[in-house]
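Asks: In this text, residue positions in the sequence shown follow the numbering used here: the first is 5, and each later residue adds one. Take a look at the following structure, please.
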Amino acid sequence: MSASAALSIAYESDLDLVKISPNATPPVCKIMNYGKYKFEQIKKQKEARKNQKVVELKEIWLSMTIDVGDLNVKAKQAQKFLAAGNKIKVSIRMRGRQNAHSNLGVEVMNKFYQMIENDAILEKKPLLEGRNILMILAPKA
5 MSASAALSIA YESDLDLVKI SPNATPPVCK IMNYGKYKFE QIKKQKEARK
55 NQKVVELKEI WLSMTIDVGD LNVKAKQAQK FLAAGNKIKV SIRMRGRQNA
105 HSNLGVEVMN KFYQMIENDA ILEKKPLLEG RNILMILAPK A
């Protein structure tokens, strides 16, 4: 139908004539309450934002002289974080003489990763950054 006829029908029913796809030949239009349509769109966007999962970066501190039992406790905690969908930043702060033996800290990190590698992906390998050794793990999809 012509645009003027559609506009008159929309005017009589106290609604708006909205172009759905103006580039089509002929253009596709719809008769609706545009204010209500905009309100529904905003409501959908708010709902989508509310249901969006924010990935947090949780941090776990290890030491170069950590024992097996303590390492197991930290691994269990890391698995809880990964199950919740969070990323993990594993770090070791070296003090004093430990700076000369940073390779031992990297070994501790690798041992920790081997304990939880069924649940995690190695996003950033253990790297020495100043006095810290950092590693970032992400949950498996």
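Think of the CB as a built atom: it goes at the ideal place given N, C-alpha and C, for glycine as much as any other residue.
If I measure Cβ to Cβ from M36 and keep anything under 7 Å in the same chain, skipping five residues before and after, which residues do I get?
Replies: Excluding positions up to five away in sequence, the list reads L19, D20, V22.
Asks: Taking the C-alpha atoms as reference points, what is the distance between S12 and P31?
Replies: Each residue's Cα considered, the two are about 17 Å apart.
Asks: State the Cα-Cα distance for the pair A28 and Y38, rounded to the nearest angstrom.
Replies: Using only the alpha carbons, I get a separation of about 21 Å.
Asks: Straight-line CA distance for L132 to L86?
Replies: Whole-angstrom Cα-Cα distance: 24 Å.
Asks: Count the C-beta pairs between the region 99 to 106 and the region 74 to 88 that are closer than 8 Å, then say yes if the count reaches three, no if not.
Replies: Contact between the region 99 to 106 and the region 74 to 88 is absent, because fewer than three Cβ pairs lie under 8 Å.
Asks: In this structure, how does DSSP classify E127 when only helix, strand and coil are distinguished?
Replies: Strand.
Asks: Could you work out which residue in E111, K34, K54 is closest to A10 when comparing CA atoms only?
Replies: The shortest Cα separation from A10 among E111, K34, K54 belongs to K34.
Asks: May I ask which residues mark the beginning and end of the alpha helix (DSSP H) holding L11?
Replies: Taken as a continuous stretch (DSSP letters only), the alpha helix (DSSP H) holding L11 covers 7 to 16.
Asks: Could you say which of I125, G109, K129, M5 lies nearest to L66 if we only look at CA atoms?
Replies: Among I125, G109, K129, M5, the Cα nearest to that of L66 belongs to G109.
Asks: Could you tell me the distance, in whole angstroms, from the CA atom of E60 to the CA atom of P130?
Replies: Their backbone Cα atoms lie some 20 Å apart in a straight line.
Asks: Comparing C-alpha positions only, which one of A7, V77, L141, K128 sits nearest to N122?
Replies: Per the Cα distances, L141.
Asks: Are the beta-carbon atoms of M139 and V94 separated by less than 8 Å?
Replies: Closer than 8 Å, so yes.
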